[in-house]
Amino acid sequence: MSCPAVECISSLGKRLVMIVMPAIHYSRVSDLERPDHIVISPSVPVSGYHDGFGNWCSRILASAGTMRIATDTVISDSGLPDPTAPDAAQIPVHELPEETLVYLLPSRYCDSDQMLDHLDSIWSYRTRLGTCKGHL
268 MSCPAVECIS
278 SLGKRLVMIV
288 MPAIHYSRVS
298 DLERPDHIVI
308 SPSVPVSGYH
318 DGFGNWCSRI
328 LASAGTMRIA
338 TDTVISDSGL
348 PDPTAPDAAQ
358 IPVHELPEET
368 LVYLLPSRYC
378 DSDQMLDHLD
388 SIWSYRTRLG
398 TCKGHL
């Protein structure tokens, strides 16, 4: 199975610093039929770095107006689901080893903004009970 490239077109009201991650993870580069170069239109300077998970990140200063960010590649994939561990135990957050906590941070794979209302309701509930003291 072949999956198409990524394309994102947005309209920005002002200049905006963005970190975009349209590139394939290094562990899947050998599955690409051609390189997955990022194409930004209109052209802007791009600086790149690898994050703590090995993802290639591109930092740009996007201009106001319409912007297109794309890659032009094809990746070969079996289409099979990732392996699962249905018998895995769920460990309470307070018992997790510190080195695993980074995986609980917001991610491009989880639309964290969609959870804000839910988190606000939990935070408000705990605050009403008096369990939250001080300021953040």
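Okay, so the sequence shown: first residue is 268 according to the numbering used here, each after it adds one.
All residues carry an ideal CB built from backbone N, CA and C; glycine is no exception.
Keep in mind the model is a prediction, meaning the values are calculated, not measured.
Of all the options the options, which has the alpha carbon lying nearest to the alpha carbon of residue i?
i           : options               : result
residue 359 : 336, 368, 352 and 353 : 368
residue 284 : 291, 331 and 322      : 331
residue 366 : 320, 278 and 341      : 320
residue 315 : 308, 325 and 280      : 325
How would you write the range of the beta strand (DSSP E) that residue i sits in, first residue to last?
i           : result
residue 316 : 313-317
residue 291 : Element bounds for residue 291: n/a, residue is neither H nor E.
residue 274 : 274-279
residue 307 : 305-308
Are residue i and residue j touching if we call contact CB-CB under 9 Å?
i           : j           : result
residue 342 : residue 305 : no
residue 334 : residue 291 : no
residue 328 : residue 312 : yes
Rounding to the nearest angstrom, what Cα-Cα distance links residue i and residue j in this structure?
i           : j           : result
residue 288 : residue 323 : 6 Å
residue 274 : residue 338 : 7 Å
residue 280 : residue 310 : 17 Å
residue 347 : residue 362 : 33 Å
Using a Cβ-Cβ cutoff of less than 7 Å, which residues in the same chain neighbour residue i once the five nearest sequence positions on both sides are dropped?
i           : result
residue 302 : 340
residue 295 : 342
Within a Cβ cutoff of 6 Å, which residues of the same chain sit near residue i, ignoring the five residues on either side of it in sequence?
i           : result
residue 276 : 335
residue 286 : 324 and 326
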